[in-house]
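Under this note's numbering, the residue at position 1 of the sequence shown is numbered 15, and the numbers go up by one with no gaps. Taking it in order: structure first as structure tokens, then the write-up.
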Amino acid sequence: MKRSLLSIGFLAMIFHFSLAAQETRYLPDWASLARHNQAPEWFRDAKFGIYFHWGVYSVPAYGNEWYPRWMHVKEYERGPGQNYYEHHLKTYGHPSKFGYHDFVPMFKAEHF
């Protein structure tokens, strides 16, 4: 009895250390993440989407996501510092010369 308990304990210890040896450490960089290709089988065919509040409107970094709607309206003011038209006129020029579509090539995820 004592011998079988000792054998079971020894096997459990070997199993525990073998699992610990298989653990992979990852660094917070792209190269480390690229080495990680383990995923559940269902994940490869799953329909997975992410919704986030980040878009071209973050290029002018003024106001909020309503920037393209209000950059053409002279009379609209949401309070101190929120006159989109005046800001766009001073920073980029008239909206007919520098429109919202001109921000698209400037939208990059370099610090994402």
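Heads up, the beta-carbon is just placed ideally off N, CA and C, and yes, glycines get one too.
**Request:** Starting from H101, follow the alpha helix (DSSP H) in both directions and report where the run begins and ends.
**Result:** Within the sequence shown, numbered from 1, the residue matching residue 101 stands at position 87. Element bounds for H101: Y98 to T105.
**Message:** If contacts are defined as beta-carbon pairs under 8 Å, then H115 and Y99 qualify, I think. What distance do you get, rounded to the angstrom?
**Reply:** Within the sequence shown, residue 115 is the residue found at index 101, counting from 1. Within the sequence shown, residue 99 is the residue found at index 85, counting from 1. Between H115 and Y99 the beta-carbon gap is near 17 Å, outside 8 Å, which marks them as no contact.
**Request:** Take every Cβ of the region 50-60, pair it with every Cβ of the region 68-75, and state whether three or more of those distances are shorter than 8 Å.
**Result:** Contact fails: fewer than three Cβ-Cβ distances are below 8 Å.
**Prompt:** Does I28 have its Cβ less than 8 Å from a Cβ in chain C?
**Reply:** The structure shown has no chain C; it contains just one protein chain.
**Request:** Using only alpha-carbon positions, find the residue among N78, R83 and N97 that is nearest to P89.
**Result:** By 1-based counting over the sequence shown, the position of residue 89 is 75. One point to set straight first is that residue 89 is Glu, not Pro, in the sequence displayed. Distances from the CA of E89 to each of N78, R83 and N97 were compared; the closest alpha carbon is that of N97.
**Prompt:** According to the neighbour-count rule (16 or more other Cβ atoms, all chains shown, within 10 Å of its Cβ), is Y40 buried or exposed?
**Reply:** Translated into the one-based positions of the sequence shown, residue 40 becomes position 26. Answer is exposed; the Cβ neighbour count stays below 16.
**Request:** Spatial neighbours of M120 within its chain, please: CB distance less than 7 Å, with the 5 preceding and 5 following residues excluded, ordered by chain position.
**Result:** Start at 1 with the first residue of the sequence shown, and residue 120 comes out as number 106. Its chain contains V73 as the residues whose beta carbon lies nearer than 7 Å to that of M120, once the 5 sequence neighbours on both sides are disregarded; these appear in chain order.
**Message:** According to DSSP, is K111 part of a helix, a strand, or is it coil?
**Reply:** On the sequence shown, residue 111 is found 97 positions in, with the first residue counted as 1. Three-state result, K111: coil.
**Request:** Put D43 into one of helix, strand or coil per three-state DSSP.
**Result:** In the sequence shown, counting from the first residue as 1, residue 43 sits at position 29. Three-state DSSP puts D43 in coil, outside helix and strand.
**Request:** Compute the Euclidean distance between the alpha carbons of R49 and W84, then round it to the nearest angstrom.
**Result:** Here residue 49 refers to the residue found at position 35 when the sequence shown is read from its first residue. Here residue 84 refers to the residue found at position 70 when the sequence shown is read from its first residue. In this structure, the alpha-carbon of R49 lies about 45 Å from that of W84.
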